[in-house]
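Asks: Let me give you the structure first, and then I'll get to my questions.
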Amino acid sequence: HQVWAQRVYAVFTGKMASNGSQNRGKRYAQPGEKWYKRHLTYRIVNWPRHLAPGPVRLAVRAAFQLWSNVSGLAFQEVPEGPTDIRLAFYEGEHNDGASNAFDGPGGALAHAFFPCRGEAHFDIAERWTLYGHKGHNLFMVTAHEIGHTLGLEHSPVRHSLMSPYYRKLGRALVLSWDDIAAVQQLYGKPLGGQPIRLTGQAFSSALQEWELAEEPEGHPEITQPLYCQGVFDAITMDQNHTVLVFRGSVYWTVSAQGNVSAPLPLQQRWPHLPLAIEAAAFSPLDSKWYFFKGKRIWRYSGSALDHGFPRRSSQAGLPCHLDCAFYYAPLGHMVLFKGSRYSVLNLHTLRSEPYYPRRLADWTGVPQGTNGALTRPDGRLYLFREQQYWRFDPVKVRMTREGQWAQDLEWIGC
Amino acid sequence: PVSTDGRVETAEAEGFLEKYGYLHQDNHIHNPAEVKTAVREFQWLSHLPVTGQLDGATLKQMGTPRCGVKDEGS
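The following block contains the structure:
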């Protein structure tokens, strides 16, 4: 674990750019609302439902490191006992007063209290993610709330971390000049002189290292692959009936006999893919792999990226940020779900079929916001959302079963 | 309460403005001038056209995922 932590720190310090701007912000809580010590301890009181503790601890550590990189502060995690700052996940009303009650998915994602209360609360009903665009990125929201526990208020500066609005984890620098000026007004510059700043990309790379390092061989007590403890980003099945489960920067294969592989780096098998994907589908029609993320589509023949790819979803007349994709034999086309609608992609023309998107209600009983879908050899379509699955029967054109996939489906590797 | 497209309905806008520190919360009664000023401040912080009107873009912004801490003083 220490080796890994040093590796992560190397990733951060190795991927930093020094900060040139010297603007002065004025955004912190009333004078006096700051910590009068520079070494602060923190504890994670409880955990979000669908993320494993390891990557969550990494995200929280990285969020604190974001601020210690640019100020005179130092943070230390203390697993038990009293600490200066506590992070906890709650649902609805949680003794912070009616106006601070959480409101379920969307709306207020989290809140925190100014020094020296040291509390940051997160809505456990949110779909928290560490990768990709499905859900709200826990690292970004934690970094924002830590800003409040240090005494920073909301910033009017667009794209600053302390802007009141949720910001996705992107490639850009996470802290703006305004964030840095405000924290340095309270706690000064880092002892080493120049502040160093973290990009979203550097965080994602560090998390990728964790996911590769954090698998069962490193922890004999973990007997199942990481995805069994939570959600995954996408799932599909190839021509040999091998199931592939995608999560963050890695994927697992589950053979027809039920043998599960170690986590494998996505980009090693499919070069040019981004760090994480939102939807994946193998097409038995042309034996090609289709990946979707944001506004782009990648298509591979085996591990070779096809000419002309990645291409923009808009070129195919498709929406961006898909929920899931799967080849649907009864239509002879690929089906793509997003929100309350679905599109149909003609794999010969690579264009959306006319008169789509249509409402998801055509698929009686199918829920919105599915993570992934695949068709089993018996022709039945399985759809997944967080811990649940639904089985769709193409003959009856309706759902015929639902349950908890990690327990009920022996072919998923858990 | 937000409509299906995530927008805050006008009736709820004053509750939103109270929650995030743009309107006082005593007795929840506000005159039009107070509301107009509060809307202008919210639009300014949110990089929207500062009209003072509860137009569609403003209502939609109120439904955007965000931090639950007040904006006052920013």
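Chains as they are written, first to last, in our numbering: chain A, -14 to 399; chain B, 4 to 77. For each residue, glycine too, the CB sits at the ideal point set by N, CA and C.
1. According to DSSP, simplified to helix, strand and coil, what is residue 68 (chain B)?
2. Can you say whether residue 212 (chain A) is buried or exposed, counting buried as having 16 or more other CB atoms within 10 angstroms of its CB?
3. List the residues that DSSP assigns as beta-bridge partners of residue 336 (chain A).
4. List, in order along the chain, the chain B residues whose C-beta lies closer than 8 angstroms to that of residue 94 (chain A)?
5. How many angstroms separate the CA atom of residue 365 (chain A) from the CA atom of residue 72 (chain A)?
6. Quick check: is any heavy atom of the ligand MG less than 8 angstroms from the C-beta of residue 61 (chain A)?
7. Is it right to say residue 312 (chain A) is buried, meaning 16 or more other beta carbons lie within 10 angstroms of its own, or is it exposed?
8. Taking only beta-carbon atoms, is residue 83 (chain B) less than 9 angstroms away from chain A?
9. Got a sec: which bits of the stretch 143 to 159 of chain A sit with their beta carbon under 9 angstroms from any beta carbon on chain B, in order along the chain?
10. Which residues, taken in chain order from the stretch 37 to 66 of chain B, show a beta carbon closer than 9 angstroms to some beta carbon of chain A?
11. For a contact meaning CB atoms closer than 7 angstroms, what does residue 84 (chain A) contact in chain B?
12. Kindly indicate which three-state DSSP category residue 219 (chain A) falls into: helix, strand or coil?
13. Roughly how far, in whole angstroms, is the beta-carbon of residue 469 (chain A) from the beta-carbon of residue 396 (chain A), given that I think they are within contact range, below 8 angstroms?
14. If you draw a straight line from the alpha carbon of residue 120 (chain A) to that of residue 151 (chain A), how long is it in whole angstroms?
15. Please report the residue range of the beta strand (DSSP E) in which residue 285 (chain A) lies.
16. To which residues of the same chain is residue 10 (chain A) closer than 6 angstroms at the C-beta, ignoring the five residues directly before and after it?
17. Along chain B, which residues have their Cβ under 9 angstroms away from the Cβ of residue 97 (chain A)?
18. Spatial neighbours of residue 318 (chain A) within its chain, please: C-beta separation below 7 angstroms, excluding the five flanking residues on both sides.
19. Distance, Cα to Cα, residue 47 (chain A) vs residue 188 (chain A)?
20. Looking at C-beta atoms only, is the number of pairs between the stretch 68 to 86 of chain A and the stretch 28 to 46 of chain A that lie closer than 8 angstroms three or more?
21. Just curious, the beta strand (DSSP E) that residue 237 (chain A) is in, first and last residue?
22. Is the distance from the Cβ of residue 401 (chain A) to the Cβ of residue 290 (chain A) below 9 angstroms?
23. Keeping to the same chain, check which residues put their C-beta closer than 7 angstroms to that of residue 297 (chain A); ignore five residues upstream and five downstream.
24. Does any CB atom of chain A fall closer than 9 angstroms to the CB of residue 134 (chain B)?
25. Step through the CB atoms of chain B and report whether any lies within less than 9 angstroms of the CB of residue 398 (chain A).
26. So residue 345 (chain A) and residue 351 (chain A) are supposed to be a Cβ contact under 8 angstroms. How far apart are they, rounded?
27. Would you list, in sequence order, the uninterrupted beta strand (DSSP E) runs of no fewer than 3 residues that lie entirely inside the stretch 245 to 297 of chain A?
28. Mind checking whether residue 231 (chain A) and residue 262 (chain A) have CB atoms under 9 angstroms apart?
29. Nearest to residue 19 (chain A) by CA position, among A:98, A:135, A:131 and A:88, is which residue?
30. For residue 378 (chain A), which option in A:155, A:51, A:361 and A:228 has the closest C-alpha, if you only look at C-alpha atoms?
31. In whole angstroms, what is the alpha-carbon distance linking residue 206 (chain A) and residue 214 (chain A)?
32. In the DSSP assignment, what are the bridge partners of residue 107 (chain A)?
33. What number of angstroms, rounded off, separates the C-alpha of residue 59 (chain A) from the C-alpha of residue 104 (chain A)?
34. Could you pull the start and end residues of the beta strand (DSSP E) that residue 371 (chain A) belongs to?
35. How would you list, in chain order, the residues of chain B whose beta-carbon sits under 8 angstroms from the beta-carbon of residue 133 (chain A)?
36. Could you name the residues of the same chain whose beta carbon sits closer than 8 angstroms to that of residue 270 (chain A), not counting the 5 residues immediately before and after it, in chain order?
Replies: Looking at the atomic coordinates:
1. coil
2. buried
3. A:331
4. 68, 69, 70 and 71
5. 43 angstroms
6. Because no ligand of any kind appears in the structure shown, any question about the ligand MG cannot be addressed here.
7. buried
8. Given a span of 4 to 77 for chain B in the structure shown, any question on residue 83 (chain B) remains unanswerable.
9. 143, 147, 148, 149, 150 and 151
10. 47, 48, 49, 50, 64 and 66
11. 22
12. strand
13. In the structure as shown, chain A starts at -14 and stops at 399, and residue 469 (chain A) therefore has no counterpart that could be examined.
14. 11 angstroms
15. 281 to 286
16. Below a pLDDT of 50, predicted positions are generally treated as unreliable, and residue 10 (chain A), at 37, falls in that range; no measurement from the model is reported.
17. 70, 71 and 72
18. 329, 330, 331, 332 and 338
19. 7 angstroms
20. yes
21. 235 to 239
22. With chain A covering -14 to 399 only, the question about residue 401 (chain A) has no answer from this structure.
23. 280 and 281
24. Beyond the ends of chain B as shown, which are 4 and 77, falls residue 134 (chain B); an answer cannot be given.
25. no
26. 6 angstroms
27. 264 to 268, 273 to 278 and 281 to 286
28. yes
29. A:135
30. A:361
31. Only weak support is given to the placement of residue 206 (chain A): the predicted model assigns it a pLDDT of 46, under 50, and the question is left unresolved by the model.
32. A:74 and A:95
33. 17 angstroms
34. Per DSSP, residue 371 (chain A) belongs to no beta strand (DSSP E) and is neither H nor E.
35. 70 and 72
36. 312, 317 and 332
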